[in-house]
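Report on the structure given below.
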Amino acid sequence: MSTPFIHDDFMLQSMAARELYHHFAKDEPILDFHNHLPPDQIAADRVFENLYDIWLAGDHYKWRGMRANGIPEDRITGSASPRDKFDAWAETVPHCLRNALYHWTHLELARYFDFPGLFSTKTADTVWEKGLETLAKPSHSCRGLLVQSKVRALCTTDDPTDSLEHHQAIAADPDFDVRVYPTFRPDRALWVHEAETFNAYADRLAEVSGTDCASLAGFQDALRSRHDFFHSVGGRLSDHGLHHVFDADCTKEQATAIFDKVRRGQSADAAEAEAFGAYLMLYFGELNASRGWTMQLHIGAERNNSQRLFEKLGRDIGCDSMADVNHAFAVRRYLNTLDQRGHLPKVMLYNLNPKDNYALATMLGNFLEAKPGDPPCRLQLGTAWWFMDTKEGMEWQINTFSNTSLLSRFNGMLTDSRSFLSFTRHEYFRRILCNLIGTDIENGEIPRDMELVGDLVRRVCFQNPVEFFGLEMP
(Lines of atoms letter the chains of each structure in order from A and count residues from 1; the text may use other names and numbers.)
(Lines give C-alpha, C1' and ligand atoms only; values in the text may rest on other atoms or scores of the structure.)
Protein backbone atom coordinates (compact mmCIF):
# COMPACT_ATOMS: atom_id res chain seq x y z
CA MET A 1 0.00 0.00 0.00
CA SER A 2 1.45 3.37 -0.99
CA THR A 3 2.21 6.02 1.62
CA PRO A 4 -0.50 8.71 1.75
CA PHE A 5 0.49 12.24 0.79
CA ILE A 6 -0.05 13.50 4.36
CA HIS A 7 1.82 11.01 6.53
CA ASP A 8 3.51 11.09 9.94
CA ASP A 9 6.80 12.41 8.56
CA PHE A 10 5.36 14.84 6.02
CA MET A 11 7.96 17.55 5.26
CA LEU A 12 10.41 16.10 7.82
CA GLN A 13 13.46 15.32 5.73
CA SER A 14 15.94 14.05 8.33
CA MET A 15 16.08 11.87 11.43
CA ALA A 16 16.78 14.95 13.56
CA ALA A 17 13.75 16.76 12.12
CA ARG A 18 11.52 13.80 12.81
CA GLU A 19 12.75 13.48 16.40
CA LEU A 20 12.25 17.18 17.07
CA TYR A 21 8.75 17.20 15.65
CA HIS A 22 7.40 13.99 17.18
CA HIS A 23 9.03 14.42 20.61
CA PHE A 24 8.88 18.18 21.15
CA ALA A 25 6.46 19.93 18.76
CA LYS A 26 3.59 17.68 17.78
CA ASP A 27 1.77 17.49 21.12
CA GLU A 28 2.23 21.09 22.25
CA PRO A 29 -1.08 22.96 22.69
CA ILE A 30 -1.94 26.12 20.77
CA LEU A 31 -2.17 29.76 21.77
CA ASP A 32 -3.51 31.42 18.63
CA PHE A 33 -2.88 35.06 19.44
CA HIS A 34 -4.16 36.56 16.18
CA ASN A 35 -7.09 35.40 14.07
CA HIS A 36 -10.37 36.59 12.61
CA LEU A 37 -12.66 33.90 13.97
CA PRO A 38 -16.22 35.11 14.67
CA PRO A 39 -16.79 35.04 18.45
CA ASP A 40 -20.56 34.82 18.01
CA GLN A 41 -20.15 31.44 16.31
CA ILE A 42 -17.98 30.18 19.17
CA ALA A 43 -20.50 31.42 21.73
CA ALA A 44 -23.37 29.71 19.87
CA ASP A 45 -21.23 26.63 19.15
CA ARG A 46 -22.26 26.76 15.51
CA VAL A 47 -22.65 23.51 13.61
CA PHE A 48 -21.73 23.81 9.93
CA GLU A 49 -24.02 22.22 7.39
CA ASN A 50 -21.47 21.34 4.73
CA LEU A 51 -17.89 21.77 3.58
CA TYR A 52 -18.66 24.93 1.67
CA ASP A 53 -19.85 26.66 4.83
CA ILE A 54 -16.81 25.76 6.92
CA TRP A 55 -14.16 25.58 4.21
CA LEU A 56 -14.83 28.04 1.41
CA ALA A 57 -17.22 30.75 2.59
CA GLY A 58 -15.13 33.81 3.40
CA ASP A 59 -11.76 32.24 2.47
CA HIS A 60 -10.17 34.77 0.15
CA TYR A 61 -7.03 32.61 -0.21
CA LYS A 62 -9.10 29.94 -1.96
CA TRP A 63 -11.05 32.58 -3.89
CA ARG A 64 -7.80 33.91 -5.40
CA GLY A 65 -6.81 30.38 -6.34
CA MET A 66 -10.12 29.75 -8.08
CA ARG A 67 -9.91 33.05 -9.97
CA ALA A 68 -6.42 32.09 -11.12
CA ASN A 69 -7.89 28.83 -12.40
CA GLY A 70 -10.46 30.65 -14.51
CA ILE A 71 -13.47 29.82 -12.36
CA PRO A 72 -16.38 32.25 -13.03
CA GLU A 73 -17.04 34.62 -10.13
CA ASP A 74 -20.56 33.26 -9.76
CA ARG A 75 -19.05 29.94 -8.62
CA ILE A 76 -16.72 31.69 -6.16
CA THR A 77 -18.64 34.49 -4.43
CA GLY A 78 -21.87 34.56 -6.44
CA SER A 79 -25.21 32.80 -6.46
CA ALA A 80 -24.04 29.29 -7.35
CA SER A 81 -25.04 26.56 -4.92
CA PRO A 82 -22.72 25.53 -2.07
CA ARG A 83 -22.08 22.21 -3.82
CA ASP A 84 -21.22 23.92 -7.10
CA LYS A 85 -18.74 26.22 -5.34
CA PHE A 86 -17.23 23.18 -3.61
CA ASP A 87 -16.88 21.48 -7.00
CA ALA A 88 -15.16 24.59 -8.34
CA TRP A 89 -12.58 24.21 -5.59
CA ALA A 90 -12.19 20.50 -6.45
CA GLU A 91 -11.46 21.54 -10.04
CA THR A 92 -8.84 24.01 -8.81
CA VAL A 93 -6.87 22.07 -6.19
CA PRO A 94 -4.94 19.81 -8.64
CA HIS A 95 -3.59 23.01 -10.19
CA CYS A 96 -2.33 24.27 -6.81
CA LEU A 97 0.85 22.17 -6.77
CA ARG A 98 3.73 24.15 -5.20
CA ASN A 99 1.24 26.57 -3.65
CA ALA A 100 0.65 26.38 0.11
CA LEU A 101 -3.05 25.94 -0.65
CA TYR A 102 -2.30 22.39 -1.78
CA HIS A 103 -0.66 21.52 1.54
CA TRP A 104 -3.30 23.31 3.63
CA THR A 105 -6.16 21.61 1.78
CA HIS A 106 -4.81 18.12 2.31
CA LEU A 107 -3.79 18.74 5.92
CA GLU A 108 -7.30 19.97 6.69
CA LEU A 109 -8.93 16.97 5.03
CA ALA A 110 -6.57 14.53 6.73
CA ARG A 111 -6.78 15.97 10.24
CA TYR A 112 -10.46 16.89 10.49
CA PHE A 113 -12.13 14.48 8.06
CA ASP A 114 -9.80 11.48 8.09
CA PHE A 115 -9.46 11.65 4.32
CA PRO A 116 -5.99 10.43 3.24
CA GLY A 117 -6.42 10.80 -0.52
CA LEU A 118 -5.85 13.57 -3.03
CA PHE A 119 -8.65 16.06 -3.47
CA SER A 120 -9.94 16.52 -7.01
CA THR A 121 -13.11 16.13 -9.05
CA LYS A 122 -12.54 12.36 -8.83
CA THR A 123 -12.83 12.40 -5.04
CA ALA A 124 -15.20 15.35 -4.62
CA ASP A 125 -18.31 13.22 -4.06
CA THR A 126 -16.58 11.13 -1.40
CA VAL A 127 -15.22 14.19 0.40
CA TRP A 128 -18.54 16.05 0.24
CA GLU A 129 -20.47 13.13 1.73
CA LYS A 130 -17.79 12.56 4.35
CA GLY A 131 -18.06 16.22 5.25
CA LEU A 132 -21.83 16.04 5.69
CA GLU A 133 -21.47 13.02 7.97
CA THR A 134 -18.57 14.36 10.01
CA LEU A 135 -19.80 17.93 10.47
CA ALA A 136 -22.95 16.64 12.16
CA LYS A 137 -20.87 15.27 15.05
CA PRO A 138 -20.28 17.26 18.27
CA SER A 139 -16.54 16.98 17.65
CA HIS A 140 -16.92 19.23 14.61
CA SER A 141 -18.95 22.11 16.00
CA CYS A 142 -17.00 25.34 16.46
CA ARG A 143 -16.11 24.45 20.03
CA GLY A 144 -15.48 20.81 19.19
CA LEU A 145 -12.96 21.79 16.54
CA LEU A 146 -11.13 24.10 18.95
CA VAL A 147 -10.91 21.36 21.56
CA GLN A 148 -9.70 18.67 19.18
CA SER A 149 -7.13 21.13 17.78
CA LYS A 150 -5.72 21.51 21.32
CA VAL A 151 -6.35 25.25 21.38
CA ARG A 152 -5.90 26.58 24.91
CA ALA A 153 -6.62 30.21 24.07
CA LEU A 154 -7.22 32.41 21.06
CA CYS A 155 -7.51 36.12 20.32
CA THR A 156 -10.13 37.37 17.90
CA THR A 157 -9.96 40.72 16.09
CA ASP A 158 -12.50 43.25 17.32
CA ASP A 159 -13.44 46.87 16.80
CA PRO A 160 -13.51 49.20 19.84
CA THR A 161 -17.27 49.60 19.28
CA ASP A 162 -17.94 45.85 19.55
CA SER A 163 -19.98 44.82 22.58
CA LEU A 164 -17.76 41.81 23.45
CA GLU A 165 -20.94 40.12 24.68
CA HIS A 166 -19.92 36.87 23.02
CA HIS A 167 -16.50 36.87 24.70
CA GLN A 168 -18.23 37.41 28.02
CA ALA A 169 -20.71 34.60 27.37
CA ILE A 170 -17.91 32.20 26.48
CA ALA A 171 -15.93 33.15 29.59
CA ALA A 172 -19.00 32.55 31.76
CA ASP A 173 -19.50 28.99 30.48
CA PRO A 174 -17.92 26.58 33.00
CA ASP A 175 -18.13 23.67 30.56
CA PHE A 176 -15.81 25.20 27.93
CA ASP A 177 -12.12 25.39 28.75
CA VAL A 178 -10.83 27.35 25.74
CA ARG A 179 -10.18 31.01 26.50
CA VAL A 180 -11.43 33.45 23.84
CA TYR A 181 -10.03 36.98 24.21
CA PRO A 182 -10.71 40.17 22.23
CA THR A 183 -8.07 42.16 20.39
CA PHE A 184 -8.46 45.95 20.15
CA ARG A 185 -8.39 46.86 16.42
CA PRO A 186 -9.14 50.61 16.05
CA ASP A 187 -8.35 51.04 12.35
CA ARG A 188 -11.59 52.88 11.58
CA ALA A 189 -10.68 55.57 14.09
CA LEU A 190 -8.05 56.69 11.56
CA TRP A 191 -10.36 57.05 8.55
CA VAL A 192 -10.55 60.85 8.52
CA HIS A 193 -10.06 60.74 4.74
CA GLU A 194 -13.69 59.52 4.50
CA ALA A 195 -15.72 62.07 6.49
CA GLU A 196 -19.08 60.33 6.22
CA THR A 197 -17.66 56.96 7.32
CA PHE A 198 -15.58 58.51 10.08
CA ASN A 199 -18.44 60.55 11.51
CA ALA A 200 -20.76 57.55 11.61
CA TYR A 201 -18.00 55.68 13.41
CA ALA A 202 -17.38 58.48 15.91
CA ASP A 203 -21.11 58.63 16.65
CA ARG A 204 -21.21 54.89 17.23
CA LEU A 205 -18.15 55.11 19.49
CA ALA A 206 -19.85 57.85 21.50
CA GLU A 207 -22.94 55.68 21.87
CA VAL A 208 -21.18 52.54 23.12
CA SER A 209 -18.73 54.40 25.37
CA GLY A 210 -21.18 56.91 26.80
CA THR A 211 -18.66 59.65 25.98
CA ASP A 212 -19.34 62.69 23.82
CA CYS A 213 -17.14 62.53 20.70
CA ALA A 214 -17.81 66.05 19.44
CA SER A 215 -14.21 67.00 20.28
CA LEU A 216 -10.88 65.23 19.79
CA ALA A 217 -10.42 65.07 23.56
CA GLY A 218 -13.77 63.33 23.90
CA PHE A 219 -12.93 60.99 21.01
CA GLN A 220 -9.67 59.98 22.71
CA ASP A 221 -11.43 59.53 26.04
CA ALA A 222 -13.95 57.24 24.36
CA LEU A 223 -11.16 55.15 22.85
CA ARG A 224 -9.46 54.92 26.23
CA SER A 225 -12.74 53.85 27.82
CA ARG A 226 -13.13 51.04 25.30
CA HIS A 227 -9.48 50.05 25.75
CA ASP A 228 -10.18 49.75 29.48
CA PHE A 229 -13.27 47.66 28.74
CA PHE A 230 -11.32 45.29 26.50
CA HIS A 231 -8.80 44.91 29.33
CA SER A 232 -11.60 44.01 31.75
CA VAL A 233 -12.72 41.22 29.40
CA GLY A 234 -9.19 39.81 29.24
CA GLY A 235 -7.80 41.56 26.18
CA ARG A 236 -4.06 42.18 26.25
CA LEU A 237 -3.29 42.97 22.61
CA SER A 238 -4.10 45.65 20.09
CA ASP A 239 -3.78 45.21 16.34
CA HIS A 240 -3.31 47.81 13.62
CA GLY A 241 -3.55 47.13 9.90
CA LEU A 242 -1.54 49.84 8.17
CA HIS A 243 -0.43 50.37 4.59
CA HIS A 244 2.61 52.03 6.17
CA VAL A 245 3.57 53.46 9.53
CA PHE A 246 2.50 57.10 9.53
CA ASP A 247 5.42 59.50 9.17
CA ALA A 248 4.43 63.07 10.01
CA ASP A 249 4.63 65.66 12.76
CA CYS A 250 1.30 66.48 14.35
CA THR A 251 0.67 68.50 17.49
CA LYS A 252 -2.49 68.14 19.54
CA GLU A 253 -3.66 71.48 18.17
CA GLN A 254 -3.15 70.32 14.58
CA ALA A 255 -4.91 67.02 15.25
CA THR A 256 -7.79 68.92 16.83
CA ALA A 257 -8.14 71.14 13.76
CA ILE A 258 -8.22 68.08 11.48
CA PHE A 259 -10.75 66.33 13.69
CA ASP A 260 -13.01 69.40 13.83
CA LYS A 261 -12.87 69.77 10.04
CA VAL A 262 -13.94 66.17 9.51
CA ARG A 263 -16.71 66.41 12.09
CA ARG A 264 -18.05 69.35 10.06
CA GLY A 265 -18.35 66.94 7.12
CA GLN A 266 -15.17 67.72 5.18
CA SER A 267 -12.83 64.81 4.44
CA ALA A 268 -9.19 65.23 5.40
CA ASP A 269 -6.73 65.52 2.54
CA ALA A 270 -3.83 63.08 2.22
CA ALA A 271 -1.39 65.16 4.28
CA GLU A 272 -3.96 65.72 7.02
CA ALA A 273 -4.85 62.01 7.13
CA GLU A 274 -1.16 61.15 7.46
CA ALA A 275 -0.70 63.65 10.29
CA PHE A 276 -3.83 62.56 12.15
CA GLY A 277 -2.81 58.92 11.79
CA ALA A 278 0.62 59.66 13.23
CA TYR A 279 -0.94 61.48 16.19
CA LEU A 280 -3.47 58.79 17.00
CA MET A 281 -1.03 55.89 16.60
CA LEU A 282 1.18 57.49 19.25
CA TYR A 283 -1.89 57.66 21.48
CA PHE A 284 -2.59 53.96 20.93
CA GLY A 285 1.01 53.18 21.83
CA GLU A 286 0.57 55.14 25.05
CA LEU A 287 -2.63 53.24 25.90
CA ASN A 288 -0.94 49.90 25.31
CA ALA A 289 2.14 50.78 27.33
CA SER A 290 0.03 51.97 30.26
CA ARG A 291 -1.71 48.59 30.43
CA GLY A 292 1.25 46.32 29.68
CA TRP A 293 -0.33 45.26 26.39
CA THR A 294 1.33 44.09 23.18
CA MET A 295 0.90 46.21 20.07
CA GLN A 296 0.64 44.28 16.81
CA LEU A 297 1.49 46.18 13.63
CA HIS A 298 0.52 44.58 10.31
CA ILE A 299 2.15 46.74 7.66
CA GLY A 300 2.57 46.68 3.91
CA ALA A 301 -0.74 45.58 2.36
CA GLU A 302 -2.04 47.32 -0.77
CA ARG A 303 -5.76 46.74 -0.36
CA ASN A 304 -8.88 46.73 -2.56
CA ASN A 305 -6.94 46.97 -5.82
CA SER A 306 -9.80 45.92 -8.10
CA GLN A 307 -12.22 48.81 -7.84
CA ARG A 308 -14.85 46.88 -9.77
CA LEU A 309 -14.81 43.90 -7.40
CA PHE A 310 -14.53 46.19 -4.38
CA GLU A 311 -17.69 48.03 -5.43
CA LYS A 312 -19.43 44.71 -6.11
CA LEU A 313 -18.28 42.62 -3.14
CA GLY A 314 -16.61 44.91 -0.59
CA ARG A 315 -13.43 44.40 1.40
CA ASP A 316 -11.44 41.23 2.10
CA ILE A 317 -12.48 39.39 -1.04
CA GLY A 318 -9.02 38.45 -2.36
CA CYS A 319 -8.03 41.65 -4.17
CA ASP A 320 -5.22 42.77 -1.86
CA SER A 321 -1.49 42.46 -2.52
CA MET A 322 1.95 43.49 -1.27
CA ALA A 323 2.77 47.17 -1.12
CA ASP A 324 6.21 48.39 -2.14
CA VAL A 325 7.13 50.83 0.64
CA ASN A 326 10.40 51.68 2.37
CA HIS A 327 9.31 51.24 5.97
CA ALA A 328 12.53 51.49 7.98
CA PHE A 329 12.72 55.24 8.67
CA ALA A 330 9.04 55.62 9.57
CA VAL A 331 9.19 52.61 11.89
CA ARG A 332 12.32 54.03 13.52
CA ARG A 333 10.65 57.39 14.04
CA TYR A 334 7.52 55.83 15.52
CA LEU A 335 9.32 53.50 17.92
CA ASN A 336 11.86 56.13 18.90
CA THR A 337 9.18 58.71 19.68
CA LEU A 338 7.27 56.25 21.86
CA ASP A 339 10.50 55.25 23.57
CA GLN A 340 11.51 58.84 24.28
CA ARG A 341 8.10 59.51 25.81
CA GLY A 342 8.26 56.39 27.96
CA HIS A 343 5.31 54.87 26.08
CA LEU A 344 6.93 52.05 24.08
CA PRO A 345 4.86 48.88 24.58
CA LYS A 346 5.72 45.33 23.63
CA VAL A 347 5.54 45.10 19.84
CA MET A 348 4.91 42.36 17.30
CA LEU A 349 5.56 43.67 13.79
CA TYR A 350 4.38 41.71 10.74
CA ASN A 351 5.54 42.87 7.33
CA LEU A 352 4.04 41.62 4.10
CA ASN A 353 6.89 42.19 1.67
CA PRO A 354 9.87 39.89 2.42
CA LYS A 355 12.32 42.46 1.08
CA ASP A 356 11.77 44.29 4.37
CA ASN A 357 12.52 41.34 6.68
CA TYR A 358 16.08 42.26 7.62
CA ALA A 359 15.56 46.03 7.69
CA LEU A 360 12.65 45.75 10.11
CA ALA A 361 14.08 42.94 12.23
CA THR A 362 17.26 44.90 12.83
CA MET A 363 15.28 48.09 13.51
CA LEU A 364 13.29 46.35 16.23
CA GLY A 365 16.55 45.20 17.79
CA ASN A 366 17.48 48.80 18.55
CA PHE A 367 14.81 49.10 21.24
CA LEU A 368 15.27 45.95 23.32
CA GLU A 369 16.47 47.50 26.58
CA ALA A 370 15.04 45.27 29.31
CA LYS A 371 12.16 46.74 31.29
CA PRO A 372 10.89 45.43 34.64
CA GLY A 373 8.09 42.94 34.19
CA ASP A 374 8.50 42.59 30.44
CA PRO A 375 9.61 39.38 28.71
CA PRO A 376 12.83 39.03 26.71
CA CYS A 377 12.77 40.20 23.09
CA ARG A 378 9.94 42.62 23.88
CA LEU A 379 9.87 43.89 20.29
CA GLN A 380 10.03 41.23 17.61
CA LEU A 381 9.38 40.37 14.00
CA GLY A 382 6.14 38.42 13.76
CA THR A 383 5.70 35.19 11.89
CA ALA A 384 5.43 35.15 8.10
CA TRP A 385 2.14 36.81 7.16
CA TRP A 386 -0.49 36.36 4.46
CA PHE A 387 1.25 35.89 1.09
CA MET A 388 4.37 34.78 2.96
CA ASP A 389 2.44 32.20 5.01
CA THR A 390 4.16 29.50 2.95
CA LYS A 391 7.04 27.07 3.39
CA GLU A 392 9.48 29.45 1.72
CA GLY A 393 8.10 32.53 3.47
CA MET A 394 8.28 30.86 6.88
CA GLU A 395 11.83 29.73 6.26
CA TRP A 396 12.84 33.26 5.25
CA GLN A 397 11.24 34.71 8.38
CA ILE A 398 12.75 32.06 10.70
CA ASN A 399 16.18 32.59 9.17
CA THR A 400 15.85 36.37 9.51
CA PHE A 401 14.81 36.04 13.14
CA SER A 402 17.65 33.59 13.85
CA ASN A 403 20.27 35.80 12.24
CA THR A 404 19.16 39.08 13.80
CA SER A 405 17.75 38.07 17.19
CA LEU A 406 17.27 34.96 19.36
CA LEU A 407 15.11 32.25 17.81
CA SER A 408 14.52 30.69 21.22
CA ARG A 409 12.59 33.88 22.16
CA PHE A 410 10.35 33.87 19.05
CA ASN A 411 6.58 33.79 19.68
CA GLY A 412 5.90 31.40 16.84
CA MET A 413 2.80 30.80 14.77
CA LEU A 414 -0.73 32.16 14.50
CA THR A 415 -3.49 31.45 12.00
CA ASP A 416 -4.65 34.97 10.98
CA SER A 417 -7.67 33.10 9.61
CA ARG A 418 -11.45 33.15 9.52
CA SER A 419 -11.64 29.34 9.33
CA PHE A 420 -12.08 26.87 12.17
CA LEU A 421 -10.05 24.37 10.12
CA SER A 422 -7.00 26.63 9.93
CA PHE A 423 -5.29 25.34 13.07
CA THR A 424 -3.45 22.84 10.89
CA ARG A 425 -1.28 25.84 10.00
CA HIS A 426 0.31 25.47 13.42
CA GLU A 427 1.23 21.90 12.47
CA TYR A 428 2.51 23.15 9.11
CA PHE A 429 4.71 25.76 10.81
CA ARG A 430 5.99 23.26 13.37
CA ARG A 431 7.00 20.80 10.67
CA ILE A 432 8.83 23.54 8.76
CA LEU A 433 10.56 24.76 11.94
CA CYS A 434 11.68 21.26 12.92
CA ASN A 435 12.83 20.45 9.40
CA LEU A 436 14.90 23.63 9.21
CA ILE A 437 16.55 23.06 12.58
CA GLY A 438 16.93 19.34 11.90
CA THR A 439 18.88 20.13 8.74
CA ASP A 440 21.23 22.31 10.81
CA ILE A 441 21.76 19.40 13.21
CA GLU A 442 22.49 16.96 10.39
CA ASN A 443 24.95 19.48 8.91
CA GLY A 444 26.76 19.80 12.24
CA GLU A 445 25.82 23.47 12.60
CA ILE A 446 23.76 22.89 15.77
CA PRO A 447 24.71 20.35 18.46
CA ARG A 448 22.81 17.07 18.50
CA ASP A 449 21.65 17.86 22.02
CA MET A 450 17.94 17.14 21.88
CA GLU A 451 17.29 18.48 25.37
CA LEU A 452 18.80 21.84 24.37
CA VAL A 453 17.25 22.07 20.91
CA GLY A 454 13.97 20.47 21.95
CA ASP A 455 13.51 23.17 24.58
CA LEU A 456 13.80 25.81 21.84
CA VAL A 457 11.16 24.01 19.77
CA ARG A 458 8.75 23.70 22.68
CA ARG A 459 9.20 27.35 23.61
CA VAL A 460 8.52 28.61 20.10
CA CYS A 461 5.49 26.35 19.69
CA PHE A 462 3.70 27.37 22.88
CA GLN A 463 5.54 28.52 25.99
CA ASN A 464 6.98 31.77 24.60
CA PRO A 465 3.64 33.36 23.63
CA VAL A 466 2.14 32.25 26.95
CA GLU A 467 4.87 34.13 28.82
CA PHE A 468 5.02 37.07 26.40
CA PHE A 469 1.40 38.18 26.17
CA GLY A 470 0.31 37.67 29.76
CA LEU A 471 -3.04 36.15 28.83
CA GLU A 472 -4.77 34.11 31.49
CA MET A 473 -4.54 30.46 30.47
CA PRO A 474 -6.79 27.56 31.52
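The numbering of the sequence shown is my numbering, which starts it at 1 and goes up by one.
Each residue gets a CB set at the ideal place from its N, CA and C atoms; glycine is no exception.
The beta strand (DSSP E) with residue i in it runs from where to where?
i, result
"GLY241", "237-242"
"PHE153", "Correcting the residue type first, residue 153 is Ala in the shown sequence and not Phe. Run containing ALA153: 151-155, per the beta strand (DSSP E) assignment."
"ARG179", "179-181"
"VAL347", "346-351"
"GLN380", "379-381"
Using the Cβ count rule (16 or more neighbours within 10 Å means buried), how would you classify residue i?
i, result
"GLU427", "buried"
"HIS7", "exposed"
"GLN340", "exposed"
"ASN288", "buried"
"ASN435", "buried"
"GLU28", "buried"
"THR294", "buried"
"PRO372", "exposed"
"LEU97", "exposed"
"ARG430", "buried"
"SER79", "exposed"
"LEU452", "exposed"
"ASP203", "exposed"
"LYS346", "buried"
"MET66", "buried"
"THR161", "buried"
"LEU394", "What sits at residue 394 in the sequence shown is Met, not Leu. Answer is buried; the Cβ neighbour count reaches 16."
"GLY300", "buried"
"LEU132", "exposed"
"ARG236", "buried"
According to DSSP, is residue i part of a helix, a strand, or is it coil?
i, result
"LYS481", "No information on residue 481 is available, as it lies outside the stretch 1 to 474 that the chain covers here."
"ASP455", "helix"
"SER321", "strand"
"ILE30", "strand"
"ILE299", "strand"
"ASP158", "strand"
"THR294", "strand"
"PHE420", "coil"
"PHE184", "strand"
"GLN397", "helix"
"TRP128", "helix"
"PRO174", "coil"
"TRP385", "coil"
"ILE446", "coil"
"GLN266", "coil"
"ASP356", "helix"
"THR134", "helix"
"VAL192", "coil"
"THR362", "helix"
"PHE367", "helix"
"LYS122", "coil"
"THR251", "coil"
"ILE438", "The residue you asked about is not Ile; residue 438 is Gly in the sequence shown. Three-state result, GLY438: helix."
"LEU406", "coil"
"THR256", "helix"
"ALA169", "helix"
"CYS213", "coil"
"GLU472", "coil"
Where do the N-terminal and C-terminal ends of the alpha helix (DSSP H) with residue i fall, by residue?
i, result
"TYR283", "270-291"
"LYS85", "82-92"
"HIS103", "100-113"
"GLY218", "216-232"
"VAL208", "195-209"
"PHE468", "464-469"
"PHE246", "No alpha helix (DSSP H) contains PHE246, which DSSP labels as neither H nor E."
"GLY144", "142-148"
"LEU335", "328-340"
"ALA68", "60-68"
"GLU73", "Where GLU73 is concerned, there is no enclosing alpha helix (DSSP H), given that its DSSP letter is neither H nor E."
"GLU311", "307-313"
Could you tell me whether any Cβ in chain D is nearer than 8 angstroms to the Cβ of residue i?
i, result
"ALA270", "Protein chains in the displayed structure number just one, and chain D is not present."
Spell out a yes or no on whether the region 149-160 and the region 178-187 are touching, meaning 3 or more CB-CB pairs, one atom from each, closer than 8 angstroms. yes
If we count Cβ pairs, one from each stretch, closer than 8 angstroms, do we get three or more for the region 37-44 versus the region 341-361? no
Does the pairing of the region 235-250 with the region 312-325 give three or more beta-carbon distances under 8 angstroms? yes
Can you confirm whether the region 330-340 touches the region 306-316 when touching is taken to mean that 3 or more C-beta pairs between the two stretches lie within less than 8 angstroms? no
Counting Cβ pairs closer than 8 angstroms, one from the region 42-54 and one from the region 125-134, do we hit at least three? yes
In chain order, which alpha helix (DSSP H) runs of at least 4 residues are fully inside the region 6-51? 15-20, 39-44
Counting beta carbon pairs with one atom in the region 96-111 and one in the region 412-428, are three or more of them shorter than 8 angstroms? yes
Indicate whether the contact test is met: 3 or more Cβ pairs, each with one atom in the region 441-455 and one in the region 112-124, closer than 8 angstroms. no
Could you tell me whether the region 395-414 touches the region 376-384, where touching means 3 or more Cβ pairs closer than 8 angstroms? yes
Okay, do the region 456-463 and the region 138-148 touch, 3+ Cβ pairs below 8 angstroms being the bar? no
Validate contact between the region 259-266 and the region 213-222 using beta carbons, cut 8 angstroms, 3 pairs: yes
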